[in-house]
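Enquirer: In numbering that gives the first Met the number 0, the protein residues as written are 0 to 714.
Glycine included, each C-beta is placed from N, C-alpha and C at the ideal position.
These numbers were taken from a predicted model, which means no experiment stands behind them.
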Amino acid sequence: MTTTRRHDILWGLPVALALTLAFWVLGAGGAARVAWLQLLGAAVIPLLVFRRLVPASQKTSTRTILLLSLAFVALAALSLVTSTNWGITAGAVATLAASVALMHAASLVPRRAAAMLVAAQVVFVAPIAVSAILEPLGGGWLAPHDYYPGRAMANMGGPGPLGALLAAVTPVAAAFFLASSKRTLSILSGVAIALMIAALTATFSRAALLATVVGFLTLVAVLVRASGFNTSGEHGLRFRRRVLRRALVVVAMAVLIVPVYNAIVRGHAPPDFAIGVRPGTQTFEFARQIEGTELTNVEVRVLCWGTALRTISRSPLTGVGAGCFGVASEGLIQDGLKRVAAARGFVYEFAYNDYLQMGAELGIPALAVFISLLAVILLSARSACRRQAGELLREPLRIAAGVGVVGALSALLAQAFVDFPLHLPSHQTLLWGNLGLLTALANPRVASATEPVVTRTPLRRLAAALAVLVAAAMATVGIRGILAERSAVEAVRLHELEDWEEALELASRSTVLAPHEHAYWVLLAEMANKAALAGVDLGRTLPMTFDAYRQAGRTYPDHAPTYGRAGALYLSHADAMPGAVDSAEVYLRRAIALNPYYADPHTNLGTGLMLVGDYEAARTELLRAGELDTASATPLFNLGNLESTLGNVSAAVMDYRTALEREPSHVGALINLSILLIADGQLSEAEEHLRAALHVDPGLGQAKALLSTIEEARR
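#1: When burial is assigned at 16 or more other CB atoms within 10 Å of the CB, is residue 713 buried or exposed?
#2: Report the option in 635, 612 and 399 whose CA atom is closest to the CA atom of residue 623.
#3: Give me the Cα-Cα distance between residue 348 and residue 503, rounded to the nearest whole angstrom.
#4: Whether or not the region 172-179 and the region 353-371 are in contact is what I'm after, with contact meaning three or more pairs of Cβ atoms, one per stretch, closer than 8 angstroms; do they touch?
#5: If you draw a straight line from the C-alpha of residue 330 to the C-alpha of residue 555, how long is it?
#6: Drop a sphere of 10 angstroms on the beta-carbon of residue 601, count the other beta-carbons inside from all chains shown, and report buried for 16 or more, exposed for fewer.
#7: What runs of the alpha helix (DSSP H), each 4 residues or longer, lie entirely inside the region 515-594?
#8: Residues in the same chain with beta-carbon distance under 8 angstroms from residue 644, minus the five sequence neighbours each way, listed in chain order, please.
#9: Tell me whether the beta-carbon of residue 198 lies closer than 8 angstroms to the beta-carbon of residue 410.
#10: Kindly indicate which residue of 540, 362, 438 and 431 has the alpha-carbon position closest to the one of residue 382.
#11: Look at the Cβ atom of residue 380, then the Cβ atom of residue 440, and state whether they are nearer than 8 angstroms.
#12: Among 536, 585, 661 and 650, which residue has its Cα nearest to the Cα of residue 552?
#13: Report the rounded CA-to-CA distance for residue 607 versus residue 558, giving the unit in angstroms.
#14: Identify whether residue 73 lies in helix, strand or coil by the three-state DSSP scheme.
#15: How about residue 193 and residue 121: do their beta carbons lie closer than 8 angstroms?
#16: Within the same chain, show all residues whose beta-carbon is closer than 7 angstroms to that of residue 563, passing over the 5 residues directly before and after it, in chain order.
#17: Which stretch, first to last residue, makes up the alpha helix (DSSP H) that contains residue 688?
#18: In angstroms, rounded to a whole number, what distance separates the CA positions of residue 185 and residue 218?
#19: With three or more beta-carbon pairs closer than 8 angstroms as the criterion, would you say the region 563-578 touches the region 302-312?
#20: Could you compute how far the alpha carbon of residue 64 sits from the alpha carbon of residue 495?
#21: Go through the region 613-654 residue by residue and report every complete run of the alpha helix (DSSP H) that reaches 4 residues or more, in order.
#22: Whole angstroms are fine: how far does the CA of residue 486 sit from the CA of residue 583?
#23: Under 8 angstroms, do residue 83 and residue 320 count as touching if we go by C-beta distance?
#24: Restricting to Cα atoms, I'd like to know which of 688, 215, 424 and 87 is closest to residue 243.
#25: If we ignore side chains and look at the alpha-carbon of each, how far apart do residue 212 and residue 405 end up?
#26: Out of 543, 529, 549 and 196, which has the shortest C-alpha to C-alpha gap to residue 515?
#27: Would you tell me roughly how many angstroms separate the C-alpha atoms of residue 673 and residue 612, rounded to the nearest one?
#28: Compare the beta carbon distance of residue 689 and residue 702 with 8 angstroms and say whether it is the shorter of the two.
#29: Can you find the residues in the same chain that come closer than 7 angstroms, C-beta to C-beta, to residue 684, ignoring five residues on each side of it along the sequence?
#30: Just to confirm my understanding: we take residue 543, look at its own chain, exclude 5 residues before and 5 after, and list those with CB closer than 6 angstroms. What are they?
#31: Identify, in the order they occur along the chain, each residue of the same chain with its Cβ nearer than 7 angstroms to the Cβ of residue 302, setting aside the five sequence neighbours on each side.
#32: Cβ atoms of residue 699 and residue 706: under 8 angstroms apart, would you say?
#33: Report the rounded CA-to-CA distance for residue 93 versus residue 400, giving the unit in angstroms.
#34: Pick out whichever of 695, 637 and 651 has its Cα sitting closest to the Cα of residue 663.
#35: Considering only residues of the same chain and omitting the five flanking positions on each side of residue 651, which have a CB-CB separation below 7 angstroms?
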């Protein structure tokens, strides 16, 4: 290997890491222009790196991987032709290209350095795991996102992504623990495994736990079938005993940690999220009813898979566009998902099966290339791990790296059947980086005995400095994320105690520490709105609410509930704020455009149009809301108000009755229907409805006054 080639090796990995990190940080806010620049730069890196760095002895084994990965990126770029959202597509293709570049750069790292990079993954995840563990034990559950109450997220956007990250790294620590003959490394690896299992429990992600089991079983299977495991003699016997003994220790840790930790946090977490054996049922709870619908998580996933298959049939060759599944599948989603969209405010952007979604977005050819690439790398790496396992007796860290990465990738790819880890930039980085490490470990580079000594040239110093800079940036992002999470946890606690000032300050600090995290802006907006409703410094809290919702929209431009909530907020201040109805209409129409099945914006838009006198358009929106959400009484109640305003008494009565069929305790419908019945002389039924309203709210003065009116009319 020449000196220049070593320089290029040191240079290639930091460049790819910096590129991926730049997209992760800068592209998080939807900066399409950044994504396009990265697409242009990242798409050519694999070709340039391989032309200069791959030795002649490796070109035969790596040419297939190079061609497959370039074909995958090319097919992803081809999906631009059928894309319905070029900004999202550019970002998705750029992430794929940068991640593939990372794979090729990592494959050129010397094998010992590759082992250290794998070990660094454990170090990177350790603070995330600690944060997830301490969150519930600290007395507060971070739940700025309505969909994940009582589940650890650790700044990963949700419990599923956090669980996938832990599932993909835990087998690495397990491999070190199984194979190491060094006491210090064994102890550190054992502690890491315990931390990660506890953190996995805190996420309450059943898919992540099962994926971790798959990864662990895979790495044990590779070790058991390896040549080193079957080595005869005293050394082979000692190695076999050590592996089996420590495998039992890992299983014992899981068996003990999951129920113990679950028992500790049971008082804090909602019971529906418990993991493990449930009292009285002695079974795992794999499904939970989705709020606002009668569907379970399992049923929702099945519906998502059906929607993905429909989307694939729409454009099987080129796909609908990378990153465009949520937009392209709107007209294809099944009725059950429409109910979820109406109740929870979003259409599913992920198919909860990365392979089906990849086929839908990029087309069947791209999916075939992706699976072929995985198969080529994993099969060659598995064979290499088996052949080299005898070296575990001498160099456990280096060989355990390969075995651990095989297990890690098995976990990540297994979870991709029921979740969407491969569509997240952080997890793509992990996937392609580990694939590159496997390529390096499966294709050893033998250094020449006459290899020249590498001196500290300016290029070498620059490459080392860049590597340190990338590592420092990643550490900074991780630390800031943890601090932001802790601030949000404390803000939630103080908010429950109505300590508004301190809670708002801590929530604001979270947005400063993690400005691209949508959940923190939503948390700040909701807290500021509640403080404003409580009459706390309206001159500050009300503008803070609007600004936080605007920032939330910038960090997650395609999140319909954010725009729906912002529109509802403007509408609630229509009397005091000039132009509030116009602003509300802009936000509500944006929410409807993002999710046509979301009922609340239709309801609020209809109400706003009533305020400005556009009654026909208001009627259309309210009828649509009533069709979408067949459980809510609010659209029918507002429609009854509209008909009453226009003098259509019979239509108003019918709307109020329908509203009460959906929600018998709806006080507004009970009162307004009673008023119309009194005017029509139907006093007995009106009295019945008024007494029902008083049963809900005994202090309701309007109901009491109307009852007095009925008594006077009877005299």
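Expert: In brief:
#1: By one-based count along the sequence shown, residue 713 stands at place 714. By the beta-carbon neighbour count (other beta carbons within 10 angstroms, threshold 16), residue 713 is exposed.
#2: In the sequence shown, the residue the question calls residue 623 occupies position 624. Residue nearest to residue 623 within the set 635, 612 and 399 is 635 (criterion: CA-CA distance).
#3: Here residue 348 is taken as the residue at index 349 of the sequence shown, counted from 1. Here residue 503 is taken as the residue at index 504 of the sequence shown, counted from 1. Rounded to whole angstroms, residue 348 to residue 503 spans 31 angstroms at the Cα level.
#4: Cβ pair count under 8 angstroms is below three, so no.
#5: Locating residue 330 in the sequence shown gives position 331, counting from the first residue. Locating residue 555 in the sequence shown gives position 556, counting from the first residue. Straight-line Cα distance between these residues: approximately 22 angstroms.
#6: Here residue 601 refers to the residue found at position 602 of the sequence shown. Answer is buried; the Cβ neighbour count reaches 16.
#7: With a minimum length of 4 residues, the continuous alpha helix (DSSP H) runs that stay inside the region 515-594 are 517-532, 537-554, 559-571 and 579-593.
#8: Residue mapping note: residue 644 aligns to position 645 of the sequence shown, counting from 1. Closer than 8 angstroms at Cβ, skipping near neighbours: 609 and 614.
#9: For the purposes of this step, residue 198 is identified with residue 199 of the sequence shown, where counting begins at 1. For the purposes of this step, residue 410 is identified with residue 411 of the sequence shown, where counting begins at 1. No; because the gap between Cβ atoms is not below 8 angstroms, this pair is not in contact.
#10: Here residue 382 corresponds to residue number 383 of the sequence shown, with the count starting at 1. The shortest C-alpha to C-alpha distance from residue 382 to any of 540, 362, 438 and 431 is the one to 438.
#11: Position 381 of the sequence shown holds residue 380. Position 441 of the sequence shown holds residue 440. Yes. Within cutoff.
#12: As a first step, residue 552 must be located in the sequence shown, where it is residue number 553. Closest in C-alpha terms to residue 552, from the list 536, 585, 661 and 650, comes 585.
#13: Your numbering for residue 607 matches position 608 in the sequence shown. Your numbering for residue 558 matches position 559 in the sequence shown. Cα to Cα, the separation comes out at about 21 angstroms.
#14: Walking along the sequence shown from the start, residue 73 turns up at place 74. Residue 73 falls in the helix class under three-state DSSP.
#15: On the sequence shown, residue 193 is found 194 positions in, with the first residue counted as 1. On the sequence shown, residue 121 is found 122 positions in, with the first residue counted as 1. No, the Cβ-Cβ distance between residue 193 and residue 121 is not below 8 angstroms.
#16: Mapped onto the sequence shown, residue 563 falls at position 564. 344, 587, 590, 597, 599 and 600, listed in sequence order.
#17: Walking along the sequence shown from the start, residue 688 turns up at place 689. Taken as a continuous stretch (DSSP letters only), the alpha helix (DSSP H) holding residue 688 covers 682-695.
#18: As a working note, residue 185 is residue 186 in the sequence shown. As a working note, residue 218 is residue 219 in the sequence shown. Cα to Cα, residue 185 sits roughly 17 angstroms from residue 218.
#19: The region 563-578 vs the region 302-312: no contact.
#20: On the sequence shown, position 65 is the one that residue 64 refers to. On the sequence shown, position 496 is the one that residue 495 refers to. One Cα belongs to residue 64, the other to residue 495, and the distance between them is close to 54 angstroms.
#21: List check, alpha helix (DSSP H) in window: 614-627 and 633-644.
#22: As a working note, residue 583 is residue 584 in the sequence shown. As a working note, residue 486 is residue 487 in the sequence shown. Going from the Cα of residue 583 to the Cα of residue 486 covers about 31 angstroms.
#23: For the purposes of this step, residue 83 is taken as residue 84 along the sequence shown, with counting starting at 1. For the purposes of this step, residue 320 is taken as residue 321 along the sequence shown, with counting starting at 1. In this structure, residue 320 lies closer than 8 angstroms to residue 83 by Cβ.
#24: The residue you call residue 243 lines up with position 244 of the sequence shown. Comparing Cα positions, the closest option is 215.
#25: For this step, residue 212 is matched to residue 213 along the sequence shown. For this step, residue 405 is matched to residue 406 along the sequence shown. Their Cα atoms are separated by approximately 13 angstroms.
#26: Translated into the one-based positions of the sequence shown, residue 515 becomes position 516. The shortest Cα separation from residue 515 among 543, 529, 549 and 196 belongs to 549.
#27: Translated into positions along the sequence shown, residue 673 becomes position 674. Translated into positions along the sequence shown, residue 612 becomes position 613. Taking the straight line from one Cα to the other gives about 25 angstroms.
#28: Counted from its first residue, the sequence shown places residue 689 at position 690. Counted from its first residue, the sequence shown places residue 702 at position 703. Yes, these two residues count as a Cβ contact at 8 angstroms.
#29: For this step, residue 684 is matched to residue 685 along the sequence shown. Within the same chain, 676 come within 7 angstroms of residue 684 by CB-CB distance, once the 5 residues on both sides are set aside.
#30: As a working mapping, residue 543 is identified with position 544 in the sequence shown. Closer than 6 angstroms at Cβ, skipping near neighbours: 527.
#31: Walking along the sequence shown from the start, residue 302 turns up at place 303. Only 333, 335 and 336 meet the Cβ criterion.
#32: Residue mapping note: residue 706 aligns to position 707 of the sequence shown, counting from 1. Residue mapping note: residue 699 aligns to position 700 of the sequence shown, counting from 1. Not closer than 8 angstroms, so no.
#33: Within the sequence shown, numbered from 1, the residue matching residue 93 stands at position 94. Within the sequence shown, numbered from 1, the residue matching residue 400 stands at position 401. Rounded to the nearest angstrom, the two C-alpha atoms are 28 angstroms apart.
#34: For the purposes of this step, residue 663 is taken as residue 664 along the sequence shown, with counting starting at 1. Of the candidates 695, 637 and 651, the one whose C-alpha sits nearest the C-alpha of residue 663 is 695.
#35: Stepping through the sequence shown from its first residue, residue 651 is reached at position 652. The residues are 639, 642, 643 and 675.
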